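S.K.: Dumping the structure here so I can ask a few things about it.
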Amino acid sequence: MLLNTYEPWKFAFSAETDFENIKKDSYGIIGVPFDSTTSYHSGSRLGPVVVREASYGFENYNINFDTSLDAVFYDFGDVNVVPGNCRATCEIVEDTVNELTDLGVKPITIGGEHSASIGVIKALSEKYDKLTVVHLDAHRDLAFEFIGEKYSHATVMRRAHEFGADLVQIGIRSSSKDEEDFVKSTYNIQTFKNKDVHRHMDAVEYYLTTVENPIYLSIDMDVLDPAIAPAVGNPTPGGLFTSEIEDVIKALSYKDVVGMDVVETASDRLGESTAVAAAKIIYDFLSLI
Ligand SMILES: [Mn+2]
C-alpha cells in the first residue's frame, strides 16, 4: 500500500488530542480494524488507514454545503481489536465508546466490517433513553444468527433492535425471507429501498425530519453503487449515488445525531474510490456540525 500523507493515522482537520482539555459535545473518531466475520470480500481491516489517508484530499471549504470544516473534532486512533473474536472486539468497542461519552465526545467509527457498530450502538442505547438508528446499507443485517454466529457483520441491526433501537433502513436491495418476515412482525422498522431513494428522496428527507429521538447514523459503504464503491465486503448492484448520501446527511444535520459510523471499506490502495467516498461522507458530516 502507498500513503501520500505525512500523518496518515489521523483524519484530516482533526484537532490535537489533549485528554485534559477535551471539548464537550464534540465528535471523536475511532478506527476498528477488524474483518474476521467477513464472508465474501475481506480486507476492511485496512479501512481505517485508507479512509484517513483519503481524507487529505478535501478542502476546508465544502462547496456543496457552503460551509467550512471549522468544528473541533478528534481522532483517537484505532481500538485494539481481537482478530478472530468478534464478541471480544465488540466489548472493547463498547468500553471505548463509554469512555468517550464520559468525556462528552460523540463517536465517529471507521470500520472495519459492520460488526464494529454493535458495541457502539449498545453503549449509546444504554446512554440514551431511546435511540433511532438511521441505517444506510444494501442489506438489512437483521439475521438473528449468521452461520451460527450472533455477533457478525450480518446481524448488526438485529442486535441494535434487541438493544431497543428504532430502525430506519435506507438503500435496501438485498434481504432474506426471514428478514422480511421479521420486519413485518415489528412496528418500528421503516424501510426506504434503493428505488424509493432514487425516485422519492423528498419523502426520505421528510421522514428523517420527523424523528424525535437521538439518532445514530450507520453507513455501510455497500449502500453506494458498486460502480462508485466497489471495494466492499458484499458489493450489490443498483446502489445509491454519493449525492444521495449528501442529501441524507444534510437532512440529518438539523437533528440530534449522537454518533455515526462508516464501515465495510475493504480497499488496499492509494486513491481507490471506495476509500475516497468513505472519507467524503465523514468530511461532509463534519462540515455540517
Ligand atoms: Mn451491507
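Residue 291 in the working numbering sits at position 149 of the sequence shown; the count goes up by one each step and never skips. Every residue gets a Cβ at the ideal spot worked out from N, C-alpha and C, and that includes glycine. Everything numeric in this text was worked out from a predicted model, so none of it was measured.
Based on DSSP bridge pairs, tell me the residues matched to Met402.
M.R.: Looking at the DSSP assignment, Met402 forms a beta bridge with Ile250, Leu359.
S.K.: Is there contact between the region 403-412 and the region 230-239, where contact requires at least three CB pairs shorter than 8 Å?
M.R.: Short answer: they don't touch.
S.K.: To the nearest angstrom, how far is it from the Cα of Thr351 to the Cα of Leu278?
M.R.: Roughly 16 Å separates the two Cα atoms.
S.K.: Kindly provide the ranges of any alpha helix (DSSP H) runs that are 4 or more residues long and lie completely inside the region 295-338, ordered along the chain.
M.R.: Complete alpha helix (DSSP H) runs here, min 4: 298-304, 319-327.
S.K.: Which first and last residues belong to the alpha helix (DSSP H) in which Tyr425 is found?
M.R.: Counting along the chain, the alpha helix (DSSP H) containing Tyr425 begins and ends at 415-429.
S.K.: Could you check what DSSP says for Gly380 in three-state terms: helix, strand or coil?
M.R.: In this structure, Gly380 counts as coil in the three-state DSSP scheme.
S.K.: Which runs of the beta strand (DSSP E) spanning at least 3 residues fall entirely within the region 156-201, listed in chain order?
M.R.: The region 156-201 contains these whole beta strand (DSSP E) runs: 168-174.
S.K.: Thinking C-beta only, is Ser156 closer than 8 Å to Tyr216?
M.R.: In contact: Tyr216 and Ser156 (Cβ atoms closer than 8 Å).
S.K.: Return the first residue and the last residue of the beta strand (DSSP E) that Gly219 is part of.
M.R.: Per DSSP, Gly219 belongs to the beta strand (DSSP E) from 215-220.
S.K.: So does Asp406 have its beta carbon nearer than 7 Å to some heavy atom of ligand 1?
M.R.: One detail in the question is off: residue 406 reads as Glu in this sequence, not Asp. At least one heavy atom of ligand 1 is nearer than 7 Å to the Cβ of Glu406, so yes.
S.K.: Can you tell me whether His340 is helix, strand or coil according to DSSP?
M.R.: If DSSP states are grouped into helix, strand and coil, His340 belongs with the helices.
S.K.: Can at least three beta-carbon pairs, one atom from the region 325-332 and one from the region 371-387, be found at a separation below 8 Å?
M.R.: With a cut-off of 8 Å, the region 371-387 and the region 325-332 do not count as touching, because too few Cβ pairs lie within range.
S.K.: From Val339 to Leu382, what does the alpha carbon distance come to, in whole angstroms?
M.R.: The alpha-carbon atoms of Val339 and Leu382 are separated by roughly 8 Å.
S.K.: Terminal residues of the continuous alpha helix (DSSP H) containing Thr231?
M.R.: Note, Thr231: alpha helix (DSSP H), 228-244.
S.K.: Let me check you understand the geometry: is the CB of Ala280 closer than 7 Å to at least one non-hydrogen atom of ligand 1?
M.R.: Because some heavy atom of ligand 1 lies under 7 Å away, the Cβ of Ala280 counts as near it: yes.
S.K.: Beta carbon of Asn355, beta carbon of Asp308: below 8 Å?
M.R.: Going by C-beta atoms, Asn355 is nearer than 8 Å to Asp308.
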